[in-house]
Structures are given as structure tokens and as C-alpha cells.
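**Q** Take 881 as the starting number for the sequence shown in the numbering used here and just add one per residue.
Attaching a single structure in C-alpha cells format; questions to follow.
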Amino acid sequence: MSNDYTQQKFKTAAFQLQQQALKHHDVKLNRGQAHELIASAVDDYNSMAALKSDGFSLDVDCPEQFSLEGAERRIGSRINSLRLDEKLPDSFSHNAAGLIRETLTPNCTECGCDLPTIPINQENDRQYQPQTWVCNDCKSNSNAYGRCFYCGDEYLYRVSDLNENGECPEHAGESEPVDEFEAEDHESWLEYQLNHEFDY
């Protein structure tokens, strides 16, 4: 993605962080502090300047980049180094990480909205196609997407990539029952899914 896109997403996330701190904690974060929290969340950068000088840019085709694994811990450390820990509760790190993650995700491939989106897992033979991202509304209003029984809520797949047992390619065949009790559990889950039509 372009640097303009990346910078716009960062500005939006900074504004959202400032609003959250003010509204919920009566703390006025300046723009520089908000940008420092974002830089630390993205990949433990010390500042937005360091992030820019490193040439960082959001890449819509790299869903792992948007997971921000470890962001909560890094944001907490940055809050301490900025001496904001006396003003902001510990829960702010968790909430800030979620807000940053949601704000940075790409726009929905289906409708184009800028609401938080979820990446669709791509099969290996599609690895060179652009990554698809869908918002909750498009996911809920479409029969084109589903979840793997074994992956759970973390991943979303095209229904065409799931087998008849609701398994992704990686977990294909795992639902074959080993014993009578496991067979009953799986049959119960399938019945539940059919009655709720993947209503997550």
C-alpha cells in the first residue's frame, strides 16, 4: 500500500486514541504521544519518525502485519516511558491495541467501507491474488464466508475452501470420529451449524 494510505490510517488511529483517552479517562494525549503509541504497537518503534525512516508501509496482502501480536505489552511499556501510567489505567493498553488494530485494517473488499475488517484465508494456490478483507456486515450478510470447525473465530474462509465437514484444507479429515462419543459431539456441532447457518 502507498505511504499516503499508511499515513492516513495512522492519523485516523491517532485521533481515535486521543478521543478514547479523553472520553474514557479525561486524559489529553497530544498527537505526538498518540503516534508514539501507534509506532510501538506496529513493531516496537520508538517514534513515528523511526517507523517512517525505516520505510514502513502497511501491506494489504500481508494479514499477519495487522495482527499486531504483542502490541498490548509494547503499548504498556510506551505508556510507562511517557509517564502516562499515573493517568491511564492498565486496561488502556488492551483497549488501545484493539483500537489501533481495527483502525489500521484495510477497507472492506466487498463494500469499500472503512469499518474493521477480517482477512479471508487464501489457499496456497491463490497466494499471488490480492488479499480479500471483509467487514462484519458483509460477512454476516453473505453465504460466501465461513469458519473452520478447528480454527475457530480467528480465521475466516471462503465457503468453497471448506469441505462438507466445515474443515479448512489444513484440518481436512480431522472430523472423522475416533469413537462413538466423538461422533456424537461432531454430529451435534454440525446440527447446530445447520440450524444457525453460520450466524457468528
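All C-beta atoms in this analysis are idealised placements derived from N, C-alpha and C, irrespective of residue type, glycine included.
Since we're looking at a predicted model, the values are computed, not measured.
Under the rule that 16 or more other beta-carbon atoms within 10 Å means buried, what is Phe895, buried or exposed?
**A** exposed
**Q** Tell me whether the beta-carbon of Ala919 lies closer than 9 Å to the beta-carbon of Leu931.
**A** yes
**Q** Which of helix, strand or coil does DSSP assign to Pro999?
**A** strand
**Q** Counting Cβ pairs, one atom from each stretch, are 3 or more of them under 8 Å apart for the stretch 946-961 and the stretch 1014-1028?
**A** no
**Q** Nearest by alpha-carbon distance to Lys889: which of Ile980, Glu1062, Glu952 and Asn1016 is it?
**A** Measuring from the Cα of Lys889, the nearest candidate turns out to be Ile980.
**Q** Is there contact here, the stretch 899-918 with the stretch 960-973, by at least three beta-carbon pairs under 8 Å?
**A** yes
**Q** Using DSSP with H/G/I as helix, E/B as strand and the rest coil, what is Tyr1072?
**A** helix
**Q** According to DSSP, simplified to helix, strand and coil, what is Cys1015?
**A** Strand at Cys1015.
**Q** Are the CB atoms of Thr983 and Thr892 nearer to each other than 9 Å?
**A** yes
**Q** Is Ser933 closer than 9 Å to Glu916 when the C-beta atoms are compared?
**A** no
**Q** Which partner residues of Tyr1037 appear in the DSSP bridge assignment?
**A** Gly1026
**Q** Roughly how many whole angstroms lie between the Cα atoms of Pro943 and Ala976?
**A** 19 Å
**Q** Which residue from Ala921, Tyr1035, Gln1011 and Cys991 puts its Cα closest to that of Gly950?
**A** Ala921
**Q** Taking buried to mean at least 16 other C-beta atoms within 10 Å of its own C-beta, is Ala1063 buried or exposed?
**A** Label assigned to Ala1063: exposed.
**Q** Quick one: what's got a C-beta closer than 7 Å to Asp985's C-beta in the same chain, skipping five residues either side?
**A** In the sequence on display, residue 985 carries Thr and not Asp. Closer than 7 Å at Cβ, skipping near neighbours: Phe946, Pro996, Thr997 and Trp1013.
**Q** Measure the Cβ-Cβ separation of Ile1000 and Tyr1037 and say whether it is below 9 Å.
**A** yes
**Q** Assuming contact is defined by CB atoms lying nearer than 9 Å, are Leu938 and Thr989 in contact in what I supplied?
**A** no
**Q** Please classify Cys1015 as buried or exposed, where buried requires at least 16 other C-beta atoms within 10 Å of its C-beta.
**A** buried
**Q** Excluding the 5 residues flanking Glu1044 on each side, which residues of the same chain have their C-beta closer than 6 Å to its C-beta?
**A** Same-chain partners within the cutoff: there are none.
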